[in-house]
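Trainee:
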Amino acid sequence: MPSVAVKLYSVFFKLLLKHRLQNLISASPDGSPDPFGVSTRPDESVSAANPSFTDGVATKDIHIDPMTSLTVRIFLPESALPPSDLRRGDDSHSHHHQPRSDRRHSHVITPLLNQTSPERNESRRKSYGCNDESYGGYAPSPKRSSRKLPVMLQFHGGGWVTGSSDSAANDFFCRRIAKVCDVIVLAVGYRLAPENRYPAAFEDGVKVLNWLGKQANLADCCKSLGNRRVNGVELKKLNVQGHIVDAFGASMVEPWLAAHADPSRCVLLGVSCGGNIADYVARKAVEAGKLLEPVKVVAQVLMYPFFVGNNPTQSEIKLANSYFYDKPVSVLAWKLFLPEKEFDFDHPAANPLAHNRSGPPLKLMPPTLTVVAEHDWMRDRAIAYAEELRKVNVDSPVLEYKDAVHEFATLDMLLNTPQAQACAEDIAIWVKKYISLRGHEFSY
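Position 173, counted from 1, in the sequence shown is what the numbering used here calls 1006; the numbers after and before it change by one each time, with no gaps.
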């Protein structure tokens, strides 16, 4: 059974969440929604992006769609850097006896550094290949070949109405995944309900996948393209950075992805309701096929997905009042997410095995790892989906964690538990079967 602390925290969590959901229902807009939407709530505890390698991972936020609030946070692990950059960064900091946390706010305090000794300024500028004095964070060197890492698109949880890609808990989780899986994580800040109901969040997931493909193609063009005009926009190739920019000088190429991302090894990871988005994006990737190239979705991870249905399963009956996201609270969340005229637990967004499910046949779905918790009322339906995938020869193992609750590996209070760390390591073992360049040397 979960500990007493978890039980008490669950009670307060559900009371607070239910209150927030009811307030959102009462304040839900009656007219046409604002397409721009929101991707984070004002009361969300967020973690600022940090382009220096704090705890071995650098982060930055990108607003990829000017018409909506859709954003991504990039998590770049230190393992992507060439060994020479790693040695130079370590030597410079060890020479000055600076602790690792001394780099934590370097992108914010750069003006203050100008008041310190020139020797310290020089060592900071040269660490990790960053030659831009005004930036203070990691910038890939155009003169050095870089290590290419797989890309993982991560969709956060929160019952469609809360959570964000830059929340403190999600930032911690994505840093952990980036390090243990050795991947570049793109945490997707999709639009929340009820400001933007279904299918906004699902469309945002597909939009990020298409954006990743566009970035890969632009990076390839960047290697050979000179100044030219495309669709009325003048493109220029800068000799210094090697970036394609528009007529206003804005870079069209994301340098971290251009230098370090290998989109042909793309993994989707969804947490709770993010699992529903990941599964939808995987279907759309299968439908698109070669149109997505060079992006290729090679696997997906569904962590306690938010699957429901009209015909209750045994766990939905027995564990309806389970911890954190119980069934009554989840029903409120679905009412806020689905349009009123489409509200149905057998909606394709809610039930992956519904009779009206569209998209490719299950046998074409990518390998799927499903993570479930013993005390989660949605566990049986997630297991049933994995079983259906296995029936058509899709690699679809299930990891069930004893005495665990919904979001046991991603909730702020539970992130530091041994079970949460073990879950991340188990995911890494399985994922590396499909992202390793050396073949399937990993087995699960």
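Built from N, CA and C at the ideal position, the CB exists for glycine as well. Computed from a predicted structure; not experimentally measured.
Would you say the beta carbon of tryptophan 1044 is closer than 8 Å to some non-hydrogen atom of the ligand COA?
Mentor: The ligand COA is absent from the structure shown, which contains no ligand whatsoever.
Trainee: Could you pull the DSSP bridge partners for methionine 1136 from this structure?
Mentor: Val1104 and Val1204
Trainee: Please state whether the Cβ-Cβ distance between tryptophan 1263 and leucine 1197 is less than 9 Å.
Mentor: Not in contact: tryptophan 1263 and leucine 1197 (Cβ atoms no closer than 9 Å).
Trainee: Please specify which runs of the beta strand (DSSP E), each continuous and at least 3 residues long, are wholly inside the segment 971-1031, giving them in chain order.
Mentor: Whole beta strand (DSSP E) segments, 3+ residues: 982-988 and 1017-1022.
Trainee: Whole angstroms are fine: how far does the CA of serine 880 sit from the CA of proline 932?
Mentor: Here proline 932 scores only 41 on pLDDT, less than 50, and its place in the model is too uncertain to base an answer on.
Trainee: By alpha-carbon positions, which one of Gly991, Pro884, Ala1183 and Val1013 ends up nearest to leucine 854?
Mentor: Gly991
Trainee: What are the boundary residues of the alpha helix (DSSP H) that includes phenylalanine 845?
Mentor: 837-859
Trainee: By DSSP, does serine 1311 sit in helix, in strand, or in coil?
Mentor: Given a span of 834 to 1277 for the chain in the structure shown, any question on residue 1311 remains unanswerable.
Trainee: Who are the Cβ neighbours of lysine 893 in its own chain at under 6 Å, not counting the five residues just before and after it?
Mentor: Ala882, Pro884 and Ile907
Trainee: Would you mind listing the alpha helix (DSSP H) stretches within the segment 1171-1228 that are 4+ residues and don't spill past its ends, in chain order?
Mentor: 1212-1224
Trainee: Run the CB neighbour count on asparagine 1029, radius 10 Å, all protein chains shown included, and call it buried at 16 or more, exposed below.
Mentor: By the neighbour-count criterion, in which a residue is buried when 16 or more other Cβ atoms sit within 10 angstroms of its Cβ, asparagine 1029 is buried.
Trainee: Output the boundary residues of the beta strand (DSSP E) element that contains tyrosine 1234.
Mentor: 1231-1234
Trainee: Taking the alpha carbon of glutamate 1149 as the reference point, which residue from Leu1169, Phe1178, Val1128 and Lys1123 has its own alpha carbon closest?
Mentor: Phe1178
Trainee: Does DSSP classify phenylalanine 869 as helix, strand or coil?
Mentor: It is coil, neither helix nor strand.
Trainee: Below 7 Å CB to CB, which residues in the same chain sit around aspartate 1259 once its five sequence neighbours on both sides are set aside?
Mentor: Leu1232.
Trainee: For valine 1238, which three-state DSSP category applies?
Mentor: coil
Trainee: Could you check where the beta strand (DSSP E) with isoleucine 907 kicks off and where it finishes?
Mentor: Isoleucine 907 -> beta strand (DSSP E) spans 904-910.
Trainee: In or out: histidine 930 buried (at least 16 other Cβ within 10 Å) or exposed?
Mentor: Here the model assigns histidine 930 a pLDDT of 38, short of 50, so the residue's position is not dependable and the matter cannot be decided.
Trainee: Would leucine 1165 and lysine 840 qualify as a contact pair, given that the criterion is a beta-carbon distance under 9 Å?
Mentor: no
Trainee: Rounding to the nearest angstrom, what Cα-Cα distance links glycine 1022 and aspartate 1245 in this structure?
Mentor: 18 Å
Trainee: Assuming alanine 1011 contacts valine 890 under a Cβ cut-off of 8 Å, what Cβ separation, rounded to an integer in Å, is found between them?
Mentor: About 5 Å separates the two Cβ atoms, so the contact holds.
Trainee: Taking the alpha carbon of arginine 1116 as the point to measure from, which residue in Leu1222, Val1162 and Gly996 has its own alpha carbon closest?
Mentor: Leu1222
Trainee: Give a yes or no on whether the minimum CB-CB distance between glutamate 1036 and chain D is below 9 Å.
Mentor: Looking at the structure shown, chain D is missing, and only one protein chain is on hand.
Trainee: Report yes if the C-beta distance between asparagine 1184 and arginine 1212 is below 9 Å; otherwise report no.
Mentor: Their beta carbons are not under 9 Å apart, which means asparagine 1184 does not touch arginine 1212 by this criterion.
Trainee: For tyrosine 1031 versus phenylalanine 1170, is the C-beta distance shorter than 9 Å?
Mentor: Judged by beta-carbon spacing, phenylalanine 1170 lies within the 9 Å limit of tyrosine 1031, meaning their Cβ atoms are closer than that value.
Trainee: What does the Cβ neighbour count give for isoleucine 1268, buried or exposed, with the cut at 16 atoms within 10 Å?
Mentor: buried
Trainee: Excluding the 5 residues preceding and the 5 following alanine 1118 in the sequence, name in chain order all residues of the same chain whose CB lies nearer than 7 Å to its CB.
Mentor: Leu1042, Leu1125 and Val1130
Trainee: CA-CA distance, lysine 1265 and valine 984?
Mentor: Counting only the Cα atoms, valine 984 lies some 12 Å from lysine 1265.
Trainee: List the residues that DSSP assigns as beta-bridge partners of valine 890.
Mentor: Thr887 and Pro910
Trainee: So, helix, strand or coil for valine 1114, using DSSP?
Mentor: helix
Trainee: How big is the Cα-Cα spacing for leucine 1270 and aspartate 1095?
Mentor: Roughly 11 Å between the two C-alpha positions.
Trainee: Which residues mark the beginning and the end of the alpha helix (DSSP H) in which proline 1251 is found?
Mentor: It spans 1251-1268 - the alpha helix (DSSP H) in which proline 1251 sits, taken as one unbroken run.
Trainee: Rounded to a whole number of angstroms, what is the C-alpha to C-alpha distance between leucine 849 and asparagine 1050?
Mentor: Here the alpha carbon of leucine 849 sits roughly 45 Å from the alpha carbon of asparagine 1050.
Trainee: In this structure, how does DSSP classify valine 1164 when only helix, strand and coil are distinguished?
Mentor: helix
Trainee: Check arginine 1150 in the structure and name its three-state DSSP category.
Mentor: Per the sequence shown, the amino acid found at residue 1150 is isoleucine instead of arginine. Isoleucine 1150: helix per DSSP, three-state reduction.
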